[in-house]
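See below for the structure under consideration.
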Amino acid sequence: MSETQHYIQENKQKFLDELFDLLRIPSISADPTYEKEVINCAETVAKHLKDAGADQVEVCPTQGYPIVYGEKIINPELPTVLVYGHYDVQPADPLELWDNDPFDPIIKKTELHPDGAIFARGSADDKGQFFMHVKAFEAMMKTNSLPCNVKFIIEGEEEVGSVSLGSWIEENKEKLANDVILISDTHIYSTEQPTVTTGLRGLSYVEVEVEGPNRDLHSGLYGGAVPNPIHVLSRMVSQLIDEKGRITIDGFYDNVEVVSDEERAEMNKLKDDPEGFKKSIGLKGVEGEEGYTTLERTSIRPTLDANGIWGGYIGEGAKTVIPSKAYAKISMRLVPYQTPEEITEKFTRYFEKIAPDNVKVTVKPHHGGMPYVLPSTSEEFLAAKQAMEKAFGKEVLPYRSGGSIPITSLFEKVLGSKSVLMGFGLDSDAIHSPNEHYGVFNYFKGIESIPYFFEYYTELKTK
Ligand code: BES
Ligand code: MN
Ligand code: MN
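Residue numbers (the working numbering): 1051 to 1513.
Structure follows, in structure tokens:
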């Protein structure tokens, strides 16, 4: 075993304790009540980077939450790996569905995690994952084995759309110059079948409002003679997907990437486990676009989902009323070469088109993001594959994920470098949900894999 790997094995308890301290900080970026805690978290991350051996550590102010920067330049001639992650987390509610305090981490064994998993908000998304990089860096520094240069940017607004990061990277292009970006903020297919993520979907997010009568009406006096906005909105939403699972918005599929048969065959090498999939989410059956597997439906195909729908009376007991307004929030996951601007516009046009004349419809766009793909033939992918194969002792396959990390396409545009998505979570980690957890095994496999990535990537670039 190399000295670096030895250091990791020797310091497992310390690495867990330090992560626990970070998980105790409720750095919820969406809720202004937690402002002090989010900033405290940024400062704590900066301290960890310094302690691990990083230079030029800075808590960089932005219009929103700060970005933590740090670097170690050992030789400007050598390649530079830029590590990206986020220290902010999703809100923890509904709190009553947690089995422990979301900000008081505990380790519990589960069926999928015989070595135990860390239960806390942010354990998998993304504190437990970016912290693997800080610890792997520490291991390389302490054993004098860092093979190339490294830079860190850990932001605090990922869960609210990375609002400040875009302009910040534009303003700091030179400082951030790098050869490759390394991100652990995704998951592997399974512990038996480790993967490197080669794609992420984009996102277009809208909120719609349907307005009927100018005030709430008595459902006895007016019922039967006026458009009910809840009925109208439900009809419109259900009209957005047809019986074949296709999205009906005009031109929605115009720019969708046609994935080759070879690539589809490659991705379907990942053994689909329909029974396990259904069981894990308590479903009797799945559904989706005709002609595609579950794996394809959740990765290479675009989708549309209502995330919330409300209006009228939802309090205790019965109130006989026809509401004046009804609302819905709708997300669309995009694939290459769709863009959020294009899709938001097509959605708006179509939604206005299918609205009956007797109601008023408004569409409000929210944040969006571009899809991202890393070819499985690239050297960036190969270095990650080799690194994980060394750590897991198993073949590693490419895996296109359905989630979104919009900043990856911006990194490519502004900094000109590819992002390697070497995440170690599982899809069952319940990120964004109650009882989020991250496997202890996964945490340490990540810390073990990262130094190998540095080594193999440097070898590939300098040979
Ligand atoms: N880490 C996730 C994204 C993710 C998780 C991608 C697992 C692939 C696999 C990230 O923090 C996230 O939650 N992204 C948001 C998008 C963002 C614009 C709020 C998402 O995917 O909903
Ligand atoms: Mn994340
Ligand atoms: Mn997230």
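Heads up, the beta-carbon is just placed ideally off N, CA and C, and yes, glycines get one too.
Check: The beta strand (DSSP E) that contains H1136, what's its start and end?; Outcome: 1130-1136
Check: Using only the heavy atoms of ligand 2, determine whether one of them is closer than 8 angstroms to the beta carbon of I1117.; Outcome: no
Check: Using only Cβ atoms and a threshold of 6 angstroms, which residues come within that distance of a heavy atom of ligand 2? Order them by chain position.; Outcome: H1136, D1175, D1176, E1208, D1235
Check: To the nearest angstrom, report how far apart E1242 and L1345 are at their CA atoms.; Outcome: 17 angstroms
Check: Could you check if G1211 belongs to the surroundings of ligand 1, using beta carbon to heavy atom distance under 8 angstroms?; Outcome: yes
Check: Residues bridged to E1161 by DSSP?; Outcome: BP columns for E1161 are empty, so no partner.
Check: For S1254, count neighbouring C-beta atoms within 10 Å of its own C-beta (all shown protein chains included) and say buried if the count is 16 or more, exposed if not.; Outcome: buried
Check: When DSSP labels each residue in this structure, what does N1090 get in the three-state scheme?; Outcome: helix
Check: So within the segment 1368-1442, which uninterrupted beta strand (DSSP E) runs reach at least 3 residues, ignoring any that extend past its ends?; Outcome: 1375-1384, 1410-1415
Check: Could you spell out where the beta strand (DSSP E) holding S1469 opens and where it closes?; Outcome: 1469-1471
Check: Taking all protein chains shown into account, decide if E1430 is buried (16 or more other Cβ within 10 angstroms of its Cβ) or exposed.; Outcome: buried
Check: Is H1056 near ligand 1, in the sense that its beta carbon is under 8 angstroms from a heavy atom of that ligand?; Outcome: no
Check: Given this structure, state the Cα-to-Cα distance separating D1154 from T1412, to the nearest angstrom.; Outcome: 42 angstroms
Check: Note down the Cα distance separating H1487 from V1276, rounded to an integer number of angstroms.; Outcome: 49 angstroms
Check: For N1150 and I1156, I'd like the C-alpha separation in whole angstroms.; Outcome: 8 angstroms
Check: Please report the straight-line C-alpha distance between T1190 and K1379, rounded to a whole angstrom.; Outcome: Per the sequence presented here, residue 1190 reads as Met, with Thr not at that position. M1190 and K1379: Cα-Cα distance of roughly 46 angstroms.
Check: Please tell me whether E1209 and V1139 are closer than 9 angstroms, where the distance is taken between their beta carbons.; Outcome: yes
Check: Pull up the DSSP beta-bridge partners for D1105, would you.; Outcome: E1121
Check: Would you please state the rounded distance, in angstroms, between the beta carbons of L1447 and K1321? I believe it to be under 8 angstroms.; Outcome: Actually they are not in contact, since the Cβ atoms of L1447 and K1321 sit about 10 angstroms apart, beyond 8 angstroms.
Check: How would you write the range of the beta strand (DSSP E) that I1168 sits in, first residue to last?; Outcome: 1167-1169
Check: Going residue by residue through the segment 1255-1308, where are the continuous alpha helix (DSSP H) segments of at least 4 residues, counting only ones entirely within it?; Outcome: 1279-1288
Check: Going by DSSP, name the residue or residues bridged to T1245.; Outcome: L1447
Check: Does the Cβ of I1481 lie closer than 8 angstroms to at least one heavy atom of ligand 3?; Outcome: yes
Check: Report back the beta-carbon spacing between V1118 and A1096 to the nearest angstrom; my notes put them in contact at under 8 angstroms.; Outcome: 5 angstroms
Check: Do V1306 and R1351 have their beta-carbon atoms positioned less than 9 angstroms apart in this structure?; Outcome: yes
Check: Report yes if the C-beta of G1473 is less than 8 angstroms from at least one heavy atom of ligand 1; otherwise report no.; Outcome: yes
Check: Verify whether the separation of the beta carbon atoms of L1250 and S1467 is less than 9 angstroms.; Outcome: no
Check: Since P1144 and A1080 should fall inside the 8 angstroms C-beta cutoff, what is the C-beta to C-beta distance between them, to a whole number of angstroms?; Outcome: Rounded, the Cβ-Cβ distance is 15 angstroms, inconsistent with contact.
Check: Residues in its own chain within less than 6 angstroms of F1461 by CB, not counting five upstream and five downstream?; Outcome: I1231, S1469
Check: Whose CA, out of F1187, G1135, H1482, lies closest to the CA of K1177?; Outcome: G1135
Check: With 16 other CB atoms within 10 Å as the buried threshold, where does G1273 fall?; Outcome: exposed
Check: Among the residues of its own chain, which have a CB less than 7 angstroms from the CB of G1166, if the five just before and after it don't count?; Outcome: I1157, K1158, K1159, V1490
Check: By Cβ distance, which residues of its chain are closer than 6 angstroms to S1499, with the 5 residues on each side in sequence left out?; Outcome: A1437, M1438, A1441
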